[in-house]
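All remarks here apply to the structure that follows.
Numbering (my numbering), first residue to last: 114 to 377.
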């Protein structure tokens with residue numbers, strides 16, 4: 114597979130925030146503090162990775178953003194960039210989980226179109242949109258296949274396509290490539306960057322892999338061990354993302370700095 118060269122866009126401080134995490138804390142059973150006063154502004158169109166030790170609350174933040182959990186204190190503001198006072202509808206947030214979570218009895222196309230089916234979108238319209246997003250993830254011709262007939266990487270592509278079908282403004286990805294082999298993971302890195310550039314959406318990405326975070330992101334938020342806090346935010350300068358980027362001094366320097374940040 115020939116990998117395209119992808120140049121990352123310049124991150125600017127003037128960009129409008131699409132998401133504001135304001136002093137968010139989460140306490141479970143009144144005893145376990147998962148998050149403590151987390152603060153972060155996410156500019157529109159950024160690709161932001163969250164790295165940190167296991168159990169530091171990364172997934173908890175995503176669940177709160179997606180409306181699957183409520184913070185104990187603080188708040189999440191999702192702001193429409195065009196109208197600063199309006200919040201984004203939760204339906205404009207896509208979520209890709211660690212596992213593909215496909216329905217085994219449904220075809221690839223029906224799995225992808227499920228969010229639109231649940232909204233009552235007519236069959237013809239949702240199938241047309243489903244075929245469009247399957248094309249975006251390189252799965253043309255697999256519309257009638259069942260999940261068991263696909264490799265792990267292909268199943269994850271279906272999951273990503275399903276998250277894109279409603280055209281989200283914000284995409285949350287919780288370690289989507291963690292269970293994949295390295296070659297498949299790297300191929301999906303390029304596919305994801307192409308989709309991000311094509312759609313202009315904002316992506317939040319959880320990973321334990323520092324190399325992955327530097328390759329994909331425009332910003333990297335480093336979290337402390339529980340209770341989770343954001344201890345540092347690194348800006349990744351715009352570089353051409355190809356195989357040669359991984360061997361540059363800039364790449365190695367960023368990996369080293371973030372790795373040191375994780376040790377504090």
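Each residue gets a CB set at the ideal place from its N, CA and C atoms; glycine is no exception.
Per DSSP, residue 135 is paired with what?
Answer is 188.
By the three-class DSSP mapping on this structure, what secondary structure does residue 354 have?
Note: residue 354 maps to strand in three-state DSSP.
Which of the three DSSP states, helix, strand or coil, is assigned to residue 164?
In the structure shown, residue 164 sits in a strand (DSSP, three-state: E or B).
Going by alpha carbons, who is nearest to residue 326 out of 347, 343, 309 and 308?
Considering only alpha carbons, the answer is 347.
When burial is assigned at 16 or more other CB atoms within 10 Å of the CB, is residue 239 buried or exposed?
The residue in question, residue 239, is buried, as its Cβ has 16 or more Cβ neighbours within 10 Å.
Mind checking who residue 255 pairs with in its DSSP beta bridge?
Residue 255 pairs with nothing; no bridge assigned.
Report the CB separation of residue 179 from residue 285 in whole angstroms; it is logged as a contact under 8 Å.
That belief holds up - the Cβ atoms of residue 179 and residue 285 are roughly 6 Å apart, short of 8 Å.
For residue 144, does the count of other Cβ atoms within 10 angstroms reach 16, so buried, or fall short, so exposed?
Its Cβ having fewer than 16 others within 10 Å, residue 144 is exposed.
For the 8 Å Cβ check, are there 3 or more pairs between the segment 277 to 293 and the segment 316 to 326?
As far as the Cβ criterion goes, the segment 277 to 293 touches the segment 316 to 326, which means the pair count is three or higher.
Where residue 139 and residue 185 are concerned, what is the direct C-alpha to C-alpha distance, given to the nearest angstrom?
Near 5 Å, if we compare the C-alpha coordinates of residue 185 and residue 139.
Quick check: the Cα distance between residue 296 and residue 303, rounded to an integer number of angstroms?
Roughly 11 Å separates the two Cα atoms.
Which whole-angstrom value is the C-beta distance of residue 221 and residue 272, which I expect to be below 8 Å?
Wrong, their Cβ atoms sit about 11 Å apart, outside the cutoff.
Can you list, in chain order, the residues of its chain whose CB lies under 7 Å from that of residue 253, leaving out five sequence neighbours each side?
Within the same chain, residue 253 has close Cβ partners 247.
Provide the residue span of the alpha helix (DSSP H) that contains residue 296, from first to last.
Segment 295 to 312, the alpha helix (DSSP H) holding residue 296.
Hey, could you find the ends of the beta strand (DSSP E) residue 318 is sitting in?
Run containing residue 318: 315 to 319, per the beta strand (DSSP E) assignment.
Measure how close the beta-carbons of residue 130 and residue 155 come, nearest whole angstrom, since I'm counting them as under 8 Å.
Contact holds; Cβ gap of about 6 Å.
Return the bridge partner residues of residue 332 from the DSSP annotation.
Paired residue(s): 161 and 348.
Let me know if residue 224 comes out buried or exposed under the rule of 16 or more other beta-carbons within 10 Å of its beta-carbon.
Its Cβ being crowded by 16 or more others within 10 Å, residue 224 is buried.
Within 10 angstroms of the Cβ of residue 118, are there 16 or more other Cβ atoms? Answer buried if so, exposed if not.
Because residue 118 carries a pLDDT of 43, less than 50, the predicted location of this residue cannot be relied on, and no value is offered for it.
Within a Cβ cutoff of 6 Å, which residues of the same chain sit near residue 213, ignoring the five residues on either side of it in sequence?
Counting only Cβ-Cβ distances below 6 Å, and skipping sequence neighbours, we find 268, 269 and 272.
Buried or exposed for residue 350, please, with buried defined as at least 16 other CB atoms from any protein chain shown within 10 angstroms of its CB.
Exposed, because fewer than 16 other Cβ atoms sit within 10 Å of the Cβ of residue 350.
Taking the beta carbon of residue 81 as the centre, do at least 16 other beta carbons fall within 10 Å, making it buried, or is it exposed?
There is simply no residue 81 to check, as the chain begins at 114 and stops at 377 in what is shown.
Report the rounded CA-to-CA distance for residue 338 versus residue 158, giving the unit in angstroms.
Taking the straight line joining both Cα atoms gives about 28 Å.
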